[in-house]
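The structure appears below as structure tokens.
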Amino acid sequence: MLPVYGCQCIACERARENPVYSLGKTSAYISDQGWNLLIDANAEDLLRRFPAGSIDSIVLTHYHMDHVQSLFDLRWGLNLSIPVFGPDDPVGCDDLFKHPGILDFKAARQPFEHFYWRDIRITPVPLIHSKPCLGYVFEYRGKRIAYLTDTVDLPEKVKQWFEGNLM
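Residue 41 in UniProt numbering sits at position 41 of the sequence shown, with consecutive numbering throughout.
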């Protein structure tokens, strides 16, 4: 997030002076033919924006609060089950793991081992961060997009993987 409270670096100063350079919380939503995939869950108005039944699955990059905070409200839903995929971090948000409600946390995904959700091929890639963190490459109908967040740089293995997979 920019600006960072108390930071005086050039990027943070520029973001304070001009809001166009501010960076808030990030998440994404993929929707096609009636299915819906949420990537990270941090929208303050998530419950209003996505009525019951409109989120089919969730993919998490990591378990910092600015990426999972909406799950704390979402978990208390009724008569639903939402699969949640994320990195291997057993203490990530331990309260969510202990009291998941309608959230169905799946086995941790391993880097470079793709899996499918509906017709989307999803390949997790490791990122550099203070917690276990994954980026994802989504492939669907000949299109490919990478979702990489909260990383300083890409690990060399990831750069090589991207080069070998013609990103």
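C-beta atoms are modelled at their ideal positions from N, C-alpha and C, and glycine is treated no differently.
Annotation: the continuous beta strand (DSSP E) that includes Phe115 extends over Phe115 to Trp117. Proximity of the stretch 31–42 to the stretch 52–69 meets the contact definition, three or more beta-carbon pairs being nearer than 8 Å. In this structure the stretch 100–115 lies against the stretch 74–84, because at least three pairs of beta carbons, one per stretch, are closer than 8 Å.
A Cβ-Cβ contact shorter than 9 Å links Asp150 with Cys133. The C-alpha of Arg118 is placed about 45 Å away from the C-alpha of Gln8.
Rounded to the nearest angstrom, the Cβ distance from Gln110 to Pro124 is 7 Å, consistent with a contact under 8 Å. Bounds of the alpha helix (DSSP H) holding Phe162 are Glu156 to Gly164.
Around the C-beta of His99, fewer than 16 other C-beta atoms lie within 10 Å, and the residue is accordingly described as exposed.
The beta carbon of Asn36 lies closer than 6 Å to those of Ser54, Ile55 and Asp56 in the same chain, with the five residues before and after it left out.
Annotation for Ile10: no beta strand (DSSP E) segment contains it, though the alpha helix (DSSP H) segment containing it runs Ile10 to Glu17. The three-state reading of DSSP puts Leu134 in strand, counting E and B together. The Cβ atoms of Ile128 and Phe138 lie no closer than 9 Å to each other. In this structure, the alpha-carbon of Lys159 lies about 11 Å from that of Pro126. Here Leu60 carries a coil assignment [DSSP, helix/strand/coil].
The three-state reading of DSSP puts Lys98 in helix, counting H, G and I together.
Per DSSP, the continuous beta strand (DSSP E) segment holding Asp104 begins and ends at Leu103 to Phe105. Leaving aside the five residues that flank Arg16 on each side, the residues in its chain whose CB is nearer than 7 Å to its CB run, in chain order, Pro3.
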